[in-house]
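Chemist: The opening residue of the sequence shown carries number 8 in this note's numbering; numbering runs sequentially from there.
Structure provided below as structure tokens; questions to follow.
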Amino acid sequence: MNAEQLHAHYDRIAEAPDAIPRLRRFIIDLAVRGKLAPQDPNDEPVLKLLRRIAAEKARLVKAGEIKKPKLSAKATGEKKPFLLPISWAWARVGELFIYDAGTKRDPQQLENARWLLELEDIEKGTSRILSRLKVRDRQPRSTKSEFKIGDILYGKLRPYLTKVLVADAPGYSTTEIVAIRPILPLCSNYCALAFRRSDFVDYVTRLGRGTKMPRLRTDDAISSFFPLPPLAEQKRIVAKVDELMTLCDRLEAARNKREVTRDRLAAASLARLKRPDPDEQSFRNHATQTLEILTPLTARPDQIKNHRQTILNLAARGKLVSQDPNDEPALALLKRMAIERRSYLSRGRKQRIRECEIRGSKEPFPLPSTWIWTCLGELVLEMRYGTAKKCGYEYKGVPVLRIPNVSGGEVSLEDLKYGSLSDKEIEELSLRRGDLLVIRSNGSLRLVGRAAEVGTAAEGMAFAGYLVRVRLSARNLLSRFIWVAMNTDHVRDQIEKPIRSAVGLKNVNLTEFAALTIPLPPLAEQHRIVAKVDELMVLCSRLETQLATAQRARGQLLEAVIHEALASAA
8 MNAEQLHAHY
18 DRIAEAPDAI
28 PRLRRFIIDL
38 AVRGKLAPQD
48 PNDEPVLKLL
58 RRIAAEKARL
68 VKAGEIKKPK
78 LSAKATGEKK
88 PFLLPISWAW
98 ARVGELFIYD
108 AGTKRDPQQL
118 ENARWLLELE
128 DIEKGTSRIL
138 SRLKVRDRQP
148 RSTKSEFKIG
158 DILYGKLRPY
168 LTKVLVADAP
178 GYSTTEIVAI
188 RPILPLCSNY
198 CALAFRRSDF
208 VDYVTRLGRG
218 TKMPRLRTDD
228 AISSFFPLPP
238 LAEQKRIVAK
248 VDELMTLCDR
258 LEAARNKREV
268 TRDRLAAASL
278 ARLKRPDPDE
288 QSFRNHATQT
298 LEILTPLTAR
308 PDQIKNHRQT
318 ILNLAARGKL
328 VSQDPNDEPA
338 LALLKRMAIE
348 RRSYLSRGRK
358 QRIRECEIRG
368 SKEPFPLPST
378 WIWTCLGELV
388 LEMRYGTAKK
398 CGYEYKGVPV
408 LRIPNVSGGE
418 VSLEDLKYGS
428 LSDKEIEELS
438 LRRGDLLVIR
448 SNGSLRLVGR
458 AAEVGTAAEG
468 MAFAGYLVRV
478 RLSARNLLSR
488 FIWVAMNTDH
498 VRDQIEKPIR
508 SAVGLKNVNL
518 TEFAALTIPL
528 PPLAEQHRIV
538 AKVDELMVLC
548 SRLETQLATA
558 QRARGQLLEA
568 VIHEALASAA
């Protein structure tokens, strides 16, 4: 295969997820199958090479310089992974290499000026060295393994099985990096490639021992199969792989540049929407155009999150729909809600919520003339914590909604638990359609303050103590609009900033929820806003589905194209 062939195919697969890393793996896998470099009948037969290695190994064992390797019974029962060219041979790692050849050194024995390699210094996927620190830079306190120039350095922990490189200088490493030393000189760069091949990674994954950080045992390592070509072909393979990996680097750089350009254009468009514009109609037209422009700039499903957030932010600033001067102003609506709240609380319900203090102070950002700044406490009839009683999956008592049931803006009825509550508790904690359930306490900052709207199916259910029920006026307020406002950057910042540095559980109490500043539009405009938000969110979901489907298709095409392009060159 040559660079022109790969370029011809790459446009078809460039947008596939992990296209370049997967292409690198294919190159390695085909290289160790003899599919990249041609076989030459004039090469020294690999059997002669094996005989010389066996003789040298016998000499070293007899001289007491190495121990005779003990093969693993489980590993020796493994089948040969795949067919090799006729001029190649399968051998056991213990027949070709001294595994874990590095001498173990205590920290005080290390030379300060020498290289000290850790797993974090090696780039995953490419095995490039990211940093090269010396002993004096790290001041180690644990035993290290000494390696020599030409040793294959292999990360034996399961998360790092493709971190393999050839030592180009002597030094030390963590003992989780094993020095693999050829018994007779081989092409170390080919050997490093072979230890990164997919079937060997699968082998180590199956046999790795340990719970948290599984690692390859020595017996299993020396018993594993190794694809050995003639020495001259090893060098040709490395040259071809280097050529293709360089091409991969260029393709990756081009893709990254394209992604950065897309992201910058999208970010610039979104940033423009956050700036005020005195011409409201002009701004709404620009917002509509921008949301249309973002579609071709969106190449990954994860980018949809920013689009959704922008829609919510625009909605709560009066930038998504036009204002109607005939709408009843939000101030009149707020006064009516205050009367309703006093009437509600006069019926024996207890609620201590201070009045909003934002009006008269500096407003967070300008609002349309028919809107008004208020606080969540002025919009609710009451807020209440849930039950602290333990609940279970046994179908006994009443359903009690928990944090997992607050998902995606709606109450989820999957994974329900039940609690034995008294009649009074059931009455006090019973949910109504239009209530909001808000997470008040969680270890994840991202979840605190997240809300879900209660629908008909959840009416009558209770809720747990980590949640707050926000009861709103059904006549004067749309709970869906409050959900929109609660998820804007403006409100999220109010929730997250005070608790960002908290250790452990992050908590927001009723008083803090009540003090959240909220922009309030007229009721008629709330309806228009919610309808527009729902319309745009459907478009986002549709685009998200299309992108996910396209990525799966590209991934499947990637598999087919790479096999065809690389295998046809063999």
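The C-beta atom is built at its ideal place from N, Cα and C for all residues, glycine as well.
These numbers were taken from a predicted model, which means no experiment stands behind them.
1. May I ask you to verify whether the region 201-209 touches the region 45-65, counting CB pairs closer than 8 Å and requiring at least 3?
2. Starting from the C-beta of residue 142, find all residues in its chain whose C-beta is less than 6 Å away, skip the five residues before and the five after it, and write them out in chain order.
3. According to DSSP, which residues form a beta bridge with residue 426?
4. Following the continuous alpha helix (DSSP H) through residue 635, name the residue where it begins and the one where it ends.
5. How many Å lie between residue 405 and residue 501 at the Cα?
6. Per the contact definition of three or more C-beta pairs closer than 8 Å, is the region 542-561 in contact with the region 390-409?
7. With a cut-off of 8 Å on the beta carbons, I'd call residue 352 and residue 483 a contact; round off their distance for me.
8. What does a CB cutoff of less than 8 Å around residue 225 pick up in its chain, not counting 5 residues either side in sequence?
9. I want to know whether the region 451-467 touches the region 314-328 - three or more CB-CB distances under 8 Å.
10. Could you compute how far the alpha carbon of residue 265 sits from the alpha carbon of residue 259?
11. Comparing C-alpha positions only, which one of 222, 157, 194, 204 sits nearest to residue 184?
12. If you drop the 5 nearest sequence neighbours on each side, which residues of the same chain put their C-beta closer than 6 Å to that of residue 346?
13. By a C-beta neighbour count over all protein chains shown, 10 Å radius and 16 as the cutoff for buried, is residue 326 buried or exposed?
14. CA-CA distance, residue 430 and residue 518?
15. Using the Cα positions of residue 56 and residue 238, report the straight-line distance between them to the nearest angstrom.
16. Between the region 32-39 and the region 144-164, do three or more beta carbon pairs fall short of 8 Å?
17. Please determine if the region 372-387 and the region 519-527 are in contact, where contact requires at least 3 C-beta pairs separated by less than 8 Å.
18. Go to residue 1, then tell me how far its beta strand (DSSP E) extends in each direction, as first and last residue.
19. Quick check on DSSP: helix, strand or coil for residue 235?
20. Excluding the 5 residues flanking residue 87 on each side, which residues of the same chain have their C-beta closer than 8 Å to its C-beta?
21. With three or more C-beta pairs closer than 8 Å as the rule, is the region 469-479 touching the region 437-446?
22. Can residue 44 and residue 243 be called in contact, C-beta distance under 7 Å?
23. Return yes when the Cβ of residue 323 is within less than 7 Å of the Cβ of residue 540, no when it is not.
24. If distances are taken between C-alpha atoms only, which option among 191, 151, 193 comes closest to residue 177?
25. Within this structure, are the beta carbons of residue 172 and residue 134 separated by less than 7 Å?
26. Taking the straight line between their C-alpha atoms, what separation do you get for residue 427 and residue 559?
27. Using CA coordinates, which residue listed in 157, 485, 241, 147 is at the minimum distance from residue 125?
28. Quick check on the burial criterion: 16 or more other C-beta atoms within 10 angstroms. Buried or exposed for residue 565?
29. Which of the three DSSP states is assigned to residue 434 in this structure?
30. Rounded C-beta distance between residue 104 and residue 156? I'm assuming under 8 Å.
31. Can you pull the DSSP bridge partners for residue 390?
32. Quick one: Cα of residue 52 to Cα of residue 94, how far?
33. Closer than 6 Å by C-beta to residue 419: which residues in its own chain qualify, once you throw out the five before and the five after it? Chain order, please.
34. Taking the alpha helix (DSSP H) that residue 54 belongs to, which residues open and close that run?
35. Closer than 6 Å: is that where the CB of residue 400 sits relative to any heavy atom of the ligand COA?
36. Are the beta-carbon atoms of residue 529 and residue 335 separated by less than 7 Å?
Modeler: Per the coordinate set shown:
1. Result no; under three Cβ-Cβ pairs closer than 8 Å.
2. So the qualifying residues of the chain are 117, 119, 121, 123.
3. Residue pairing for residue 426: DSSP places it in a beta bridge opposite 405.
4. Since the first residue shown for the chain is 8 and the last is 577, residue 635 is missing from the structure and cannot be characterised.
5. Answer to the nearest angstrom: the Cα atoms are 34 Å apart.
6. Of all C-beta pairs linking the region 390-409 to the region 542-561, fewer than three are shorter than 8 Å, placing the two stretches out of contact.
7. 15 Å between Cβ atoms; not a contact.
8. Excluding positions up to five away in sequence, the list reads 106, 107.
9. For the pair of segments examined, the region 451-467 was found not to touch the region 314-328: the number of CB pairs separated by less than 8 Å stays below three.
10. Residue 259 has its alpha-carbon roughly 10 Å from the corresponding atom of residue 265.
11. Closest by C-alpha distance to residue 184, out of 222, 157, 194, 204, is 222.
12. The beta carbon of residue 346 lies closer than 6 Å to none in the same chain, with the five residues before and after it left out.
13. That one is buried.
14. Those two C-alpha atoms are separated by around 27 Å.
15. One C-alpha to the other measures close to 8 Å.
16. With the cut-off at 8 Å, the region 32-39 and the region 144-164 do not touch.
17. Contact between the region 372-387 and the region 519-527 is present: 3 or more CB-CB pairs across the two stretches fall below 8 Å.
18. A question about residue 1 goes unanswered here, because the residues of the chain that appear run from 8 up to 577.
19. If DSSP states are grouped into helix, strand and coil, residue 235 belongs with the strands.
20. 97, 232.
21. Contact between the region 437-446 and the region 469-479 is present, because at least three Cβ pairs lie under 8 Å.
22. Taking 7 Å as the Cβ cut-off, residue 44 and residue 243 qualify as a contacting pair.
23. Between residue 540 and residue 323, the C-beta gap is not smaller than 7 Å, which leaves the two residues out of contact.
24. Taking only the C-alpha atoms, the option nearest residue 177 is 151.
25. Yes, the Cβ-Cβ distance between residue 172 and residue 134 is below 7 Å.
26. Residue 559 has its alpha-carbon roughly 46 Å from the corresponding atom of residue 427.
27. The residue with the shortest Cα to Cα distance from residue 125 is 147.
28. Under this definition residue 565 is a buried residue.
29. Here residue 434 sits in helix by DSSP.
30. Not quite, the Cβ-Cβ distance comes to about 16 Å (not below 8 Å), so this is no contact.
31. Beta-bridge pairing links residue 390 to 477.
32. Cα to Cα, residue 52 sits roughly 7 Å from residue 94.
33. The residues are 412.
34. Taken as a continuous stretch (DSSP letters only), the alpha helix (DSSP H) holding residue 54 covers 53-69.
35. With respect to the ligand COA, the structure shown offers nothing to examine, as it has no ligands at all.
36. Between residue 529 and residue 335, the C-beta gap is smaller than 7 Å, which places the two residues in contact.
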